[in-house]
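Visitor: Chains as they are written, first to last, in the working numbering: chain B, 12 to 149; chain R, 12 to 149.
Number of protein chains: 2
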Amino acid sequence: MNRSFTIRQLTKEFAVTARTLRFYEDEGLIAPERRGQTRIYSARDRARIILILRGRRVGFALAEIREILDLYDVHDGGVRQTMHARKKFEEQLHKLERQKIDIEESLVELRRAITEIDARMARGIYTAQPQRQQVAAE
Amino acid sequence: MNRSFTIRQLTKEFAVTARTLRFYEDEGLIAPERRGQTRIYSARDRARIILILRGRRVGFALAEIREILDLYDVHDGGVRQTMHARKKFEEQLHKLERQKIDIEESLVELRRAITEIDARMARGIYTAQPQRQQVAAE
DNA sequence: CTTGACGTTGACGTAAGCGTAAGCGGATAA
DNA sequence: TTATCCGCTTACGCTTACGTCAACGTCAAG
């Protein structure tokens, strides 16, 4: 199939601006071909964009994302390169595992907060007694 | 017990600089008391710092973190305030759930990449045949 | 043929999150 | 007493990740 895409199509699909995609190109995260001046994005470019956006959502800096993307490419390099890639992958892995724990803890707290609010609203507490409370953990 | 802390103690405990803690104060995320000029951090301040740092790690902007922290405090306000808080909490909840999914997907890919590298290294692929490969999804 | 949609390249602007002096006060150790 | 911490404020600097013009080309539709 090997579809290709215009910048406009991708901005709509992923809800980003053209500026953003051009910026990613300037930063070396993608490298679409050109038909004249115009950028032509391949399926591979598109796949990279997906990874970039996901990386962003989980809090990685673009520089880190670029590094990872590059590693996927260097995948066929020498032993040193390959081992370096492996190391980097593991670093990302640990960072994400840490984040996952942070997120799960946050989720627990948020759910607790919401449940508490619901309980208060169910009774009529809010109408009268103002109550002090704590920020979790003491 | 109601322990209190100096800025130095907290910078060591959480591996942040004093500049950072003062900055959070400027931004209204914490409000330690003063003994003269000197900042005295309470257990509550400390708890807030924990939340701030966790928020940062999962990618929230300081402004968002401040909002959430404020919500914990407004917890005893009127119905409107309370419902607003509930809404915000749910928003954070969804954002985090989304992030959790992103992270889990990333973890799968990273593990796959590492496994693949190990497999290649186990055979001797790297010594000879350079191989092209793809960035996932096609 | 002009209008409008879509594309391009600069280039400057900005918000966030601190780093990094500079300069000063107070307490403590040598 | 002098030196050395610890702490404070003021303030300019820097990076990241784009936003926002400006100014221009191009091609199809009316």
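Virtual Cβ for every residue (Gly too), placed ideally from N, Cα, C. Computed from a prediction, not measured in an experiment: that's the story for all the values here.
Quick one: Cα of Asp113 (chain R) to Cα of Ile61 (chain B), how far?
Guide: Residue numbering aside, residue 113 (chain R) sits at position 102 when the second sequence is read from its first letter. Residue numbering aside, residue 61 (chain B) sits at position 50 when the first sequence is read from its first letter. Here the alpha carbons of Ile61 (chain B) and Asp113 (chain R) stand approximately 11 Å from one another.
Visitor: Hey, would you say the C-beta of Glu36 (chain B) is under 7 Å away from at least one heavy atom of the ligand PLP?
Guide: By its list of ligands, the structure shown contains no ligand whatsoever, and the ligand PLP lies outside what it can speak to.
Visitor: Tell me whether Phe71 (chain B) sits in a helix, a strand or coil according to DSSP, three-state version.
Guide: Here residue 71 (chain B) is taken as the residue at index 60 of the first sequence, counted from 1. Looking at Phe71 (chain B) - three-state DSSP - the assignment turns out to be coil, as it is neither helix nor strand.
Visitor: Taking Cβ-Cβ distances below 8 Å as the criterion, which residues of the region 97-124 of chain B are in contact with chain R?
Guide: Hits within the stretch, in order: Arg97, Phe100, Glu101, Gln103, Leu104, Leu107, Glu108, Arg109, Gln110, Lys111, Asp113, Ile114, Glu115, Glu116, Ser117, Leu118, Leu121, Arg122, Ala124.
Visitor: Assuming contact is defined by CB atoms lying nearer than 8 Å, are Val119 (chain R) and Gln110 (chain B) in contact in what I supplied?
Guide: Looking up residue 119 (chain R) in the second sequence gives position 108. Looking up residue 110 (chain B) in the first sequence gives position 99. No; because the gap between Cβ atoms is not below 8 Å, this pair is not in contact.
Visitor: Shorter than 8 Å from the beta carbon of Gly39 (chain R) to some beta carbon of chain B?
Guide: The sequence position of residue 39 (chain R) within the second sequence is 28, counting from 1. Taking Cβ atoms only, chain B never reaches closer than 8 Å to Gly39 (chain R), which makes this a no.
Visitor: Measure the CB-CB distance between Ile18 (chain B) and Thr93 (chain R) and report whether it falls below 8 Å.
Guide: For this step, residue 18 (chain B) is matched to residue 7 along the first sequence. For this step, residue 93 (chain R) is matched to residue 82 along the second sequence. No, these two residues do not count as a Cβ contact at 8 Å.
Visitor: Quick one: which chain B residues come within Cβ less than 7 Å of Gly70 (chain R)?
Guide: Within the second sequence, the letter at position 59 stands for residue 70 (chain R). Within chain B, the residues Val69, Gly70 have their CB atoms less than 7 Å from the CB of Gly70 (chain R), given in chain order.
Visitor: Could you confirm whether any beta carbon from chain B is found closer than 8 Å to the beta carbon of Arg134 (chain R)?
Guide: Working through the second sequence from its first residue, we reach residue 134 (chain R) at position 123. Not an interface residue.
Visitor: So, helix, strand or coil for Ile41 (chain R), using DSSP?
Guide: For the purposes of this step, residue 41 (chain R) is taken as residue 30 along the second sequence, with counting starting at 1. DSSP places Ile41 (chain R) in coil when its eight states are reduced to three.
Visitor: Taking Arg122 (chain B) as the reference, give the member of R:Ala29, R:Leu64, R:Lys99, R:Leu104 with the closest Cα.
Guide: Stepping through the first sequence from its first residue, residue 122 (chain B) is reached at position 111. Looking at the Cα atoms, R:Leu104 is the closest of the given residues.
Visitor: Quick check on Ile60 (chain R) - is its C-beta less than 8 Å from some C-beta in chain B?
Guide: Taking the first residue of the second sequence as position 1, residue 60 (chain R) is located at position 49. In terms of beta-carbon proximity, Ile60 (chain R) stays away from the interface with chain B, with every pair separated by 8 Å or more.
Visitor: Consult DSSP for Arg14 (chain B) and reduce its assignment to one of helix, strand or coil.
Guide: If you number the first sequence from 1, residue 14 (chain B) lands on position 3. Residue state, collapsed to three classes: coil.
Visitor: Taking only beta-carbon positions, decide if Ile128 (chain B) is within less than 8 Å of chain R.
Guide: Translated into positions along the first sequence, residue 128 (chain B) becomes position 117. With 8 Å as the cut-off, Ile128 (chain B) counts as an interface residue toward chain R.
Visitor: Gly66 (chain R): buried (16+ other C-beta within 10 angstroms of its C-beta) or exposed?
Guide: Position 55 of the second sequence, counting from 1, holds the residue named residue 66 (chain R). Gly66 (chain R) should be labelled buried.
Visitor: With a threshold of 8 Å between beta carbons, is Arg65 (chain B) in contact with chain R?
Guide: Residue mapping note: residue 65 (chain B) aligns to position 54 of the first sequence, counting from 1. Yes, contact with chain R.
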